[in-house]
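The structure appears right after this line, and notes come after that.
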Amino acid sequence: MEVLSDPAASPDNLSASSPSSSPSSDRFWWAAAGISHFVQDPSLGNGVLPLSGEIPDMTATTDRYVSLLRLYRAKHAKDVAAVWGYVRALLEAKGIPLHGAGSIPGLDEDFVRETCKNARFLRVFRQHAITGEAELDETTVEALREGFEGLVALQEEKKAEAEDKERAGEEVSPCCSEVENNPLLWYCALRAADACQASSSSGSLDAAAVLEAAHSLLTAKLGLSADTATTLFTEKHAAELCRYCGLEPLPIAALIASVAAQEAVKLITHQYSPLDNSYVYCGINGVGASFRL
Amino acid sequence: MNAKICLLHASATGAETLKNLVLPGVGDITIVDDALVTERDVSSNFFVTAGDVGKPRGQTVLDLLLEMNEDVKGSFVQASPSDLIASQPDFFSQFTLVIASQMPLEQVKALSVVLEKNGRRTPLLWVRTFGLIGYLRVFTAEHTIVELKPQSSVEDLRIVNPWPELRAYCDDGAVNDLPSLDGMEHKHVPWVVLLIKALDAFKDKHNSSSPPSTFSEKKAFKELVNCMARGSPGDEENFEEAANKAALASRGMTGVSSTTAAVAVLSSYCFWRLPSISLHRFLSFFLALWVLFFFCFCRRLRPR
Chain A
1 MEVLSDPAAS PDNLSASSPS SSPSSDRFWW AAAGISHFVQ DPSLGNGVLP
51 LSGEIPDMTA TTDRYVSLLR LYRAKHAKDV AAVWGYVRAL LEAKGIPLHG
101 AGSIPGLDED FVRETCKNAR FLRVFRQHAI TGEAELDETT VEALREGFEG
151 LVALQEEKKA EAEDKERAGE EVSPCCSEVE NNPLLWYCAL RAADACQASS
201 SSGSLDAAAV LEAAHSLLTA KLGLSADTAT TLFTEKHAAE LCRYCGLEPL
251 PIAALIASVA AQEAVKLITH QYSPLDNSYV YCGINGVGAS FRL
Chain B
1 MNAKICLLHA SATGAETLKN LVLPGVGDIT IVDDALVTER DVSSNFFVTA
51 GDVGKPRGQT VLDLLLEMNE DVKGSFVQAS PSDLIASQPD FFSQFTLVIA
101 SQMPLEQVKA LSVVLEKNGR RTPLLWVRTF GLIGYLRVFT AEHTIVELKP
151 QSSVEDLRIV NPWPELRAYC DDGAVNDLPS LDGMEHKHVP WVVLLIKALD
201 AFKDKHNSSS PPSTFSEKKA FKELVNCMAR GSPGDEENFE EAANKAALAS
251 RGMTGVSSTT AAVAVLSSYC FWRLPSISLH RFLSFFLALW VLFFFCFCRR
301 LRPR
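Each protein sequence line maps, in turn, to chains A and B.
The opening residue of the first sequence carries number 1 in the working numbering; numbering runs sequentially from there.
The opening residue of the second sequence carries number 1 in the working numbering; numbering runs sequentially from there.
If you want it as structure tokens, here you go:
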């Protein structure tokens, strides 16, 4: 329903080729407008979506199953015809040809049929811009702050656990890998490294500079206390980044590449929902997490 | 597939990503790189050898990649990606997807502005490996999905609100008059028809016009379906199926509201996590991931 009530699916906003949209989403919005009209029209959908025309397997004689399937298929075909009819009428009203020059690329009856079949699963993603993330706008800061709140809570929980163990006389490891190698911290480390590399002339990384950049990111931009920032982001993080200085160990590269290729296929084929929007993997303890930044 | 993919920097991460797309047969690849192969590349990049040191890195990687799948076309542009972004922003409008590998934030920021402005809203994938840290960022200004392929979905069968033809079929005394059917036929009435009929009986019995909505009503409806079966419980499989699907005959199961439900479920996917894995399980995990990826998409990408 999100999609159908989107302003982009309103007939007033559809045009031959809007400069702001890609060819693949142009046809999508025309079909969405058709389905939206279908749902609203009391003589057509009257509140329901076009039928997909498919029924699951069920215990039945072949005759009974086939006659039932025929009913669903006929209704699906009728619904598609209604949606396609509306889209065509809309195209005509706006003076856009069906085929050839000036037409909407890829918008045809087959596409409308496919869209009707999946009417319940139409989806649109509008992701937060990288410019906004880079400049640490409100959305990004909010997301990072929320992440750090969780991390601070986790740290305290682990601390309490360690104290309990100590009292019971058990051995306690001095650091907690779960907190120390949290992907959120590594995201900040990467940003700090970028900031340092951009400002240094030689392009090499200095651990002290990375540490300082990360602390200033955590305190000045995210509003963490200086104390929290120093306990969370330590010299270890800075040293780890500088140790490799941008080198790519093959196992990590291969893992990121396999996730990336999967995302690439989703983006190219317009199937399945893509990652929204960042994924950070820490190879030290083998933990990854996704963030909406 | 007629996708056109651009890779900036033929780094280890970038080359591996492209390999995963060349193998299943993506249409056309372009590599933009200005670096020469160094000793450092040989140690991490699978697609360059010690003999290639000093040659253009992009060309070396491209040659080996194209060897893996003869159906894929490819080209190499010897230029610095950051210069290209600044000097020829139109260059990127020909691609379906741009993959930026091993690039710092400032350059990717400039690239994302270029991609957003070129009118085609080309999606951008930013991949980085920085020591033991891996990073991936997807950016697409607007991405529309028709085939979401949810793993589980509730069927939209219009049991609560059948259209006239379906209604007529269920009411047809010649085929669907349950009491008059012989044992064999009775066992093979599809559960969709059974539920519509049970819903009629339920409405009659309770003198209401709406399908069951409260827990007790739903329970009563399920019992009603079970009572309609002949013989001892479990004799008739179709009635068992109907009882299992009885939730489809409750209020709110009309076409539109199930979409809203689907959307709600999906938004919870946005924050997924990989389970914590120890290093010795790392390789098998990666292998499984790769095999899964390969089998899922291999056929889909081939021209039909």
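Ideal placement from N, C-alpha and C gives every residue a C-beta, glycine not left out.
Please read all numbers here as calculations on a predicted model, not as lab measurements.
DSSP links residue 39 of chain B through a beta bridge to no other residue. Non-local C-beta neighbours of residue 89 of chain B in its own chain, meaning closer than 6 Å and more than five positions away in sequence, comprise 114, ordered along the chain. The Cβ of residue 20 of chain B sits closer than 8 Å to at least one Cβ of chain A. Within the segment 194 to 228 of chain A, 194, 195, 197 and 198 place their CB atoms closer than 9 Å to a CB of chain B, listed in sequence order. Residue 134 of chain B and residue 286 of chain A do not touch by the CB rule: their CB atoms are close to 11 Å apart, not below 8 Å. Note: residue 134 of chain B is bridge-paired with A:281 and B:129 in the DSSP secondary-structure output.
Against chain A, the beta carbon of residue 44 of chain B has neighbours under 9 Å at 247, 248, 249, 250 and 253, listed in chain order.
Here DSSP, grouped into helix, strand and coil, assigns residue 58 of chain B to helix. Distances from the alpha-carbon of residue 246 of chain B to those of B:235, B:168 and B:217 put B:217 closest. When Cβ-Cβ separations below 8 Å define contact, residue 233 of chain A makes no contact with chain B.
The DSSP-derived three-state label of residue 7 of chain B is strand. In the displayed model, residue 96 of chain A falls within coil according to three-state DSSP, outside both helix and strand. What residue 277 of chain A touches in chain B, judged by beta-carbon distance under 8 Å, is 137, 138 and 139, going in chain order.
A Cβ-Cβ separation of about 5 Å places residue 48 of chain B in contact with residue 60 of chain B under the 8 Å criterion.
Annotated as distal: residue 74 of chain A and residue 293 of chain A, with beta-carbon spacing of 8 Å or more. The DSSP assignment places complete beta strand (DSSP E) segments of no fewer than 3 residues inside the segment 84 to 130 of chain B at 97 to 101 and 124 to 130, in order along the chain. The beta-carbon of residue 188 of chain B is placed less than 8 Å from the nearest beta-carbon of chain A. Using a CB distance cut-off of 8 Å, residue 283 of chain A counts as an interface residue toward chain B. Between residue 103 of chain B and residue 123 of chain B, the C-beta spacing is not below 8 Å. In this structure, residue 74 of chain B keeps its C-beta atom at 8 Å or more from the C-beta atom of residue 84 of chain B. Residues of chain B with a Cβ closer than 9 Å to the Cβ of residue 139 of chain A do not exist, since the nearest Cβ in that chain sits about 13 Å away. For residue 97 of chain B, the neighbours in chain A by C-beta distance under 9 Å run, in chain order, 264, 267 and 268. Residue burial annotation: residue 118 of chain A is buried, with at least 16 other C-beta atoms found within 10 angstroms of its C-beta.
Annotation for residue 53 of chain A: 72, 73 and 76 place their beta carbon closer than 6 Å to its own, counting only its chain and skipping 5 residues before and after. Taking 7 Å as the upper bound on Cβ-Cβ separation, chain B lies near residues 114, 115, 118, 120, 121, 122, 123, 124, 125, 126, 127, 129, 130, 131 and 134 of the segment 107 to 137 of chain A. Where residue 228 of chain A is concerned, the enclosing alpha helix (DSSP H) starts and stops at 226 to 232. The Cβ atoms of residue 43 of chain A and residue 4 of chain A do not sit closer than 8 Å to each other. Counting along the chain, residue 144 of chain B sits inside no alpha helix (DSSP H); it lies in the beta strand (DSSP E) bounded by residues 143 to 145. Taking 8 Å as the Cβ-Cβ cut-off, the segment 143 to 169 of chain B approaches chain A at 143, 144, 145, 146, 147, 148, 149, 150, 153, 155, 156, 157, 158, 161, 163, 165, 166 and 169, given in chain order. Neighbours of residue 3 of chain B across chain A, judged by C-beta separation under 7 Å: 268.
Closest by C-alpha distance to residue 148 of chain B, out of A:83, A:124 and A:68, is A:124.
Ranked by Cα distance from residue 183 of chain A, the first of B:212, B:16, B:96 and B:136 is B:136.
Exposed is the label assigned to residue 245 of chain A, since fewer than 16 other Cβ atoms lie within 10 Å of its Cβ.
When C-alpha distances from residue 162 of chain B are compared across B:6, B:57, B:249 and B:36, the shortest belongs to B:249. Rounded to whole angstroms, the gap between the alpha carbons of residue 237 of chain B and residue 168 of chain B is 24 Å. For residue 289 of chain A, the three-state secondary structure derived from DSSP is strand.
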